[in-house]
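> Just so you know, the protein sequences line up as chains Z and F, in that order. Counting along the first sequence from 1, when you hit position 217 you're at 217 in the working numbering, and nothing is skipped either side. Counting along the second sequence from 1, when you hit position 80 you're at 80 in the working numbering, and nothing is skipped either side. What follows is a structure written as structure tokens; I'll ask about it next.
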Amino acid sequence: MYGGGSLFEAVKLDELQHEDPMKLAEFEARIQRGEKIEPDDWMPELYRKQVIRMIEQHAHSEIIGALPEGTWITRAPGFRRKMALLAKVQDEVGHAQLLYSAAETLGKTREQMMLDLISGKSKYSNVFNYPTPTWADSTVISWLIDAGAIVNQMANARGSYGPYCRALERICAEESFHLKYGHDAVVYLATGSHKQRQMIQEALNRWWPPIMTFFGPADKISAHTEILMRWKVKMATNDECRQQFLDMYVPKVWEIGLTLPDPNLRKNEEGVWEYTEPDWEEFKQVINGNGPCNKERLAVRRQAEEKGAWVRRALLKPETTYVKPLA
Amino acid sequence: MNEQAIKELLYTLADNQLVLGHRNSEWTGIGPILEEDIAFSSMAQDKLGHSLAFYALLYELGESDPDTLAFMRNPSQFHCCQLVELPIGEYDFSLIRHFLYDHAEAIRFEYLTQAGYEPLAKVATKLRGELKYHLLHANTMVKQLGNATAESINRLQQSLNDAFPYALGMFESSPYEAELASAGIFPLESQIQTQWLENIRKVLAQTQLQLPDLESVMPVFGGRRGVHSEYLQPLLDEMAEVYNLDPNTEW
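In structure tokens, the structure reads:
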């Protein structure tokens with residue numbers, strides 16, 4: 001998990017006016033040639049800002065995403081599920097650690113990113129503002145949200161910022177196990193007792209609308225991000241990712257006898273998936289803090305930060321100086 | 001050899017690992033730093049894995065399968081010490097508990113590798129490597145935080161005072177221990193306790209923490225014979241919440 005649907009704002013191109021045109025041209029030529037940008041290379045401030053923002057959002061999504069699933073570790077049914085879910089959520093926290101390090105190479109500290117997360121200034125994947133009231137909900141996340149994240153991360157792994165790409169390669173390798181775990185757990189419910197089948201269908205019905213918004217708003221209403229595509233910060237449009245996800249996973253959902261709560265969902269003659277347009281107004285509301293679980297998620301994170309502050313104070317010796325991590 | 005004696009030992013080992021593993025897993029997602037979040041999750045996985053291995057030996061001896069043993073018993077059927085049942089509290093308590101517990105566990109595993117009961121010796125030999133990392137982690141963090149700020153030293157000291165009577169409860173004797181010792185399967189608890197005190201004293205001597213006076217502390221016993229704190233029942237209820245929806249199906 002859990003990255004995906006990074007939220008980009010419309011880029012203000014006038015920020016580029018202050019950049020040296022020669023250096024900018026050389027920078028763009030390097031990206032064009034498929035070279036990776038490394039932490040100490042020259043880069044426009046706008047690039048630095050956008051890449052930090054993207055990696056930071058991804059890192060936040062990992063640790064916030066650990067909460068709705070993590071709450072099921074202590075309740076997971078049986079040794080096999082308990083150990084697998086625990087290992088999976090641990091992986092996600094490990095991804096956060098990798099990603100914060102990748103973002104730190106660009107000059108923003110982990111502490112500052114944490115502060116921006118709990119103050120609400122930084123965003124994370126919107127889907128984690130929805131609740132996981134049953135075990136089945138946690139399995140839907142493990143399967144389909146991780147699946148969506150893989151679609152997004154495989155694309156981003158071909159991006160231009162070296163440390164992020166390298167982190168994503170390691171992350172994707174672990175994600176493929178998560179996907180297997182999630183699929184297995186869903187299949188057991190979908191082919192199990194009446195009660196289990198009902199549980200998983202209800203969870204899927206609850207999660208489908210948020211899943212459809214996972215990759216962000218439709219291209220036609222998205223902020224213009226051409227320059228981010230040219231700089232290989234954003235590697236595919238929201239709709240491209242969504243189409244790829246639907247193409248890979250809708251048949252798999254149907255195959256195990258589950259239904260999806262969208263009567264308009266179908267693949268047309270041109271091979272394009274048609275669906276009911278997600279409620280982008282609700283999406284905006286949730287992003288802005290008004291979803292069912294925004295407050296709870298941030299409160300848990302804030303409490304963890306506050307309760308752990310003494311440990312960080314104790315580990316930080318007076319002679320310690322800040323060193324950017326190697327990436 | 002009395003099979004009941006072996007079983008009682010296996011239940012004690014397994015239940016301790018299961019319950020502490022469960023507690024440690026509660027840190028996943030909320031640790032004081034990401035690195036500790038990950039460390040506690042990782043140790044929790046190891047503990048759960050150990051408990052599974054011990055329950056599997058019980059299954060071979062004719063007891064129920066591991067899931068039934070872990071998810072379907074009442075508190076009075078559990079043999080774990082009360083130390084592992086206590087809530088995670090704040091990080092200082094969880095760290096100190098981990099330190100006290102794993103020093104004892106490491107000694108137990110060393111003896112188990114020599115156990116005159118081969119299936120158990122095999123399992124212990126396979127798993128003891130993991131204990132080395134748990135100890136390394138506990139010692140590193142206790143030494144760092146036990147020498148850092150007045151705040152961290154005070155917190156660790158307070159937790160050490162609170163946890164110590166429960167930690168002594170880890171060495172509760174069983175009606176079978178003389179028999180196990182004479183059969184060369186497992187030593188007396190008092191012998192493990194003596195070694196444990198020596199080992200933790202060595203580490204604590206490198207910190208500004210003081211071990212409470214042994215004479216003035218009353219050990220909290222009972223767990224091994226099914227007498228538990230108020231915290232075990234809610235823990236087991238939570239653990240079985242989903243499993244109990246339908247114990248006869250696969251999840």
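Beta carbons: idealized from backbone N, C-alpha and C, even for Gly.
1) Please name the residue, chosen from Z:Arg170, Z:Thr74, Z:Ile221, Z:Val186, that lies closest to Glu92 of chain Z on a Cα-to-Cα basis.
2) Using CA atoms only, rank isn't needed, just tell me which of F:Pro165, F:Glu189, F:Glu36, F:Leu58 is closest to Asp213 of chain F.
3) Just reading off the alpha helix (DSSP H) that Thr68 of chain F is part of, what are its end residues?
4) State yes or no: is the beta carbon of Tyr59 of chain F nearer than 8 Å to at least one beta carbon in chain Z?
5) Is any beta-carbon of chain F found at less than 8 Å from that of Tyr124 of chain Z?
6) Closest Cβ-Cβ distance between Glu151 of chain F and chain Z: below 8 Å?
7) What is the DSSP secondary structure of Arg230 of chain Z, counted as helix, strand or coil?
8) Counting only the same chain and skipping the five closest in sequence on each side, list residues whose C-beta sits under 6 Å from that of Ala14 of chain F.
9) Going by DSSP, what residues sit across from Trp273 of chain Z in a beta bridge?
10) How should Thr12 of chain F be labelled, buried or exposed, when 16 other C-beta atoms within 10 angstroms of its C-beta is the threshold for buried?
11) Helix, strand or coil: how does DSSP classify Ile37 of chain Z here?
12) Is Thr28 of chain F close to chain Z? Criterion is C-beta to C-beta, closer than 8 Å.
13) Does the Cβ-Cβ distance between Ser25 of chain F and Leu179 of chain Z come in under 8 Å?
14) Can a CB atom of chain F be found closer than 8 Å to the CB of Tyr188 of chain Z?
15) Could you tell me whether the Cβ of Lys252 of chain Z comes closer than 8 Å to any Cβ of chain F?
16) Pairs of beta-carbons, one from the segment 186 to 206 of chain Z and one from the segment 279 to 291 of chain Z, closer than 8 Å: are there three or more?
17) Quick one: grab the DSSP three-state call for Tyr161 of chain Z.
18) Going by C-alpha to C-alpha distance, which of F:Leu145, F:Ser173, F:Tyr243 sits closest to Leu160 of chain F?
19) Hey, is Gly222 of chain F close to the ligand ATP, as in C-beta under 7 Å from one of its heavy atoms?
20) Does the beta-carbon of Pro175 of chain F have 16 or more other beta-carbons within 10 angstroms, so that it is buried, or is it exposed?
21) Counting only Cβ pairs nearer than 8 Å, list the residues of chain F close to Met212 of chain Z.
22) Are there three or more Cβ pairs, one per stretch, closer than 8 Å when the segment 232 to 240 of chain F is compared with the segment 185 to 197 of chain F?
23) Any beta carbon from chain F within less than 8 Å of Arg206 of chain Z's own beta carbon?
24) Thinking C-alpha only, which one of Z:Ala76, Z:Asp262, Z:Ile200 is nearest Pro209 of chain Z?
25) For Tyr344 of chain Z, count neighbouring C-beta atoms within 10 Å of its own C-beta (all shown protein chains included) and say buried if the count is 16 or more, exposed if not.
26) Ala328 of chain Z and Ala203 of chain Z look like a contact to me (Cβ under 8 Å); what is the Cβ gap, rounded to whole Å?
27) Along the segment 223 to 239 of chain F, where does the CB come closer than 9 Å to a CB of chain Z? Name the residues.
28) Out of F:Glu198, F:Lys126, F:Thr28, state which residue places its alpha-carbon closest to the alpha-carbon of Gly70 of chain Z.
29) Do three or more CB pairs link the segment 220 to 228 of chain F to the segment 150 to 161 of chain Z at distances below 8 Å?
30) In chain F, which residues lie with their C-beta within 7 Å of the C-beta of Ser193 of chain Z?
31) Given a cut-off of 8 Å, decide if Trp251 of chain F and Arg81 of chain Z are closer than it, judged by their beta-carbon atoms.
32) Near His95 of chain Z, which residues of its chain fall below 6 Å by C-beta distance, leaving aside the five closest residues on each side in sequence?
33) Take Arg97 of chain F and list the residues in its own chain whose beta-carbon comes closer than 6 Å to its own, dropping the five residues that flank it on each side.
34) Give the range of the alpha helix (DSSP H) segment to which Phe186 of chain F is assigned.
35) At the level of alpha carbons, what is the spacing between Pro234 of chain F and Gly226 of chain F?
36) Counting only C-beta atoms, is Thr109 of chain Z closer than 8 Å to chain F at any point?
The short version:
1) Residue mapping note: residue 92 of chain Z aligns to position 92 of the first sequence, counting from 1. Its Cα nearest to that of Glu92 of chain Z, the residue Z:Arg170 stands out among Z:Arg170, Z:Thr74, Z:Ile221, Z:Val186.
2) Mapped onto the second sequence, residue 213 of chain F falls at position 213. Distance from the Cα of Asp213 of chain F is smallest, within the candidate group F:Pro165, F:Glu189, F:Glu36, F:Leu58, for F:Pro165.
3) The sequence position of residue 68 of chain F within the second sequence is 68, counting from 1. Taken as a continuous stretch (DSSP letters only), the alpha helix (DSSP H) holding Thr68 of chain F covers 66 to 71.
4) Here residue 59 of chain F is taken as the residue at index 59 of the second sequence, counted from 1. Answer no: the Cβ-Cβ gap between Tyr59 of chain F and chain Z never drops below 8 Å.
5) Working through the first sequence from its first residue, we reach residue 124 of chain Z at position 124. Residue contact with chain F for Tyr124 of chain Z: absent (no Cβ-Cβ distance below 8 Å to any residue of chain F).
6) Here residue 151 of chain F corresponds to residue number 151 of the second sequence, with the count starting at 1. Judged by the 8 Å Cβ criterion, Glu151 of chain F is in contact with chain Z.
7) By one-based count along the first sequence, residue 230 of chain Z stands at place 230. Reduced to three states, the DSSP call for Arg230 of chain Z is helix.
8) Position 14 of the second sequence, counted from the start, is the residue given in the question as residue 14 of chain F. For Ala14 of chain F, where only same-chain residues beyond five positions count, the Cβ hits under 6 Å are Ser51, Phe54, Tyr55.
9) Numbered from 1 along the first sequence, position 273 holds the residue referred to as residue 273 of chain Z. Answer by DSSP bridge pairing, in chain order: Z:Lys267.
10) Taking the first residue of the second sequence as 1, we reach residue 12 of chain F at position 12. Buried.
11) Here residue 37 of chain Z refers to the residue found at position 37 when the first sequence is read from its first residue. In the displayed model, Ile37 of chain Z falls within a strand according to three-state DSSP.
12) For the purposes of this step, residue 28 of chain F is taken as the residue at position 28 of the second sequence. Using beta-carbon distances, Thr28 of chain F counts as an interface residue toward chain Z, with a partner under 8 Å.
13) The residue you call residue 25 of chain F lines up with position 25 of the second sequence. The residue you call residue 179 of chain Z lines up with position 179 of the first sequence. Not a contact, by the Cβ cut-off of 8 Å.
14) Within the first sequence, numbered from 1, the residue matching residue 188 of chain Z stands at position 188. Answer yes: the Cβ-Cβ gap between Tyr188 of chain Z and chain F drops below 8 Å somewhere.
15) As a first step, residue 252 of chain Z is located in the first sequence; it is residue number 252 there, counting from the start. False, the Cβ-Cβ gap to chain F never drops below 8 Å.
16) As far as the Cβ criterion goes, the segment 186 to 206 of chain Z does not touch the segment 279 to 291 of chain Z, which means the pair count is below three.
17) On the first sequence, position 161 is the one that residue 161 of chain Z refers to. Tyr161 of chain Z falls in the strand class under three-state DSSP.
18) For this step, residue 160 of chain F is matched to residue 160 along the second sequence. Of the candidates F:Leu145, F:Ser173, F:Tyr243, F:Leu145 places its Cα closest to the Cα of Leu160 of chain F.
19) In the structure on display, the ligand ATP does not appear, and there are no ligands present to speak of.
20) The residue given as residue 175 of chain F occupies position 175 in the second sequence. Classified as exposed, Pro175 of chain F has fewer than 16 neighbouring CB atoms from the shown chains inside 10 Å of its CB.
21) Against the first sequence, residue 212 of chain Z aligns to sequence position 212. Simply none; closest approach about 26 Å.
22) Too few Cβ pairs lie closer than 8 Å, so no.
23) Taking the first sequence and counting its residues from 1, one reaches residue 206 of chain Z at position 206. The beta-carbon of Arg206 of chain Z is placed no less than 8 Å from the nearest beta-carbon of chain F.
24) Start at 1 with the first residue of the first sequence, and residue 209 of chain Z comes out as number 209. Relative to Pro209 of chain Z, the option among Z:Ala76, Z:Asp262, Z:Ile200 whose CA is nearest is Z:Asp262.
25) Outside the shown range of chain Z, which is 1 to 327, sits residue 344 of chain Z, and nothing can be said about it.
26) Limits of chain Z in this structure are 1 at one end and 327 at the other, which puts residue 328 of chain Z out of reach.
27) For the segment 223 to 239 of chain F, the beta-carbon criterion of a distance under 9 Å to any beta-carbon of chain Z is satisfied by Leu235, Glu238, Met239.
28) One-based indexing of the first sequence puts residue 70 of chain Z at position 70. Measuring from the Cα of Gly70 of chain Z, the nearest candidate turns out to be F:Thr28.
29) Touching, no, given that fewer than three Cβ pairs across the two stretches are closer than 8 Å.
30) Your numbering for residue 193 of chain Z matches position 193 in the first sequence. Within 7 Å Cβ-Cβ: Asp246, Thr249.
31) Counting from one through the first sequence, the residue named residue 81 of chain Z turns up at place 81. Counting from one through the second sequence, the residue named residue 251 of chain F turns up at place 251. Contact flag set, yes.
32) Taking the first sequence and counting its residues from 1, one reaches residue 95 of chain Z at position 95. Result list for His95 of chain Z: Glu62, Ile171, in chain order.
33) Your numbering for residue 97 of chain F matches position 97 in the second sequence. If you ignore the 5 residues before and after Arg97 of chain F, its C-beta comes within less than 6 Å of the C-beta of Ala163, all in its own chain and listed in chain order.
34) As a first step, residue 186 of chain F is located in the second sequence; it is residue number 186 there, counting from the start. Counting along the chain, Phe186 of chain F falls outside any alpha helix (DSSP H), and DSSP gives it neither H nor E.
35) What you label residue 234 of chain F is simply residue 234 of the second sequence in a count that begins at 1. What you label residue 226 of chain F is simply residue 226 of the second sequence in a count that begins at 1. Across the structure, Pro234 of chain F and Gly226 of chain F are spaced so that their CA atoms are roughly 15 Å apart.
36) Here residue 109 of chain Z is taken as the residue at index 109 of the first sequence, counted from 1. Thr109 of chain Z does not count as touching chain F.
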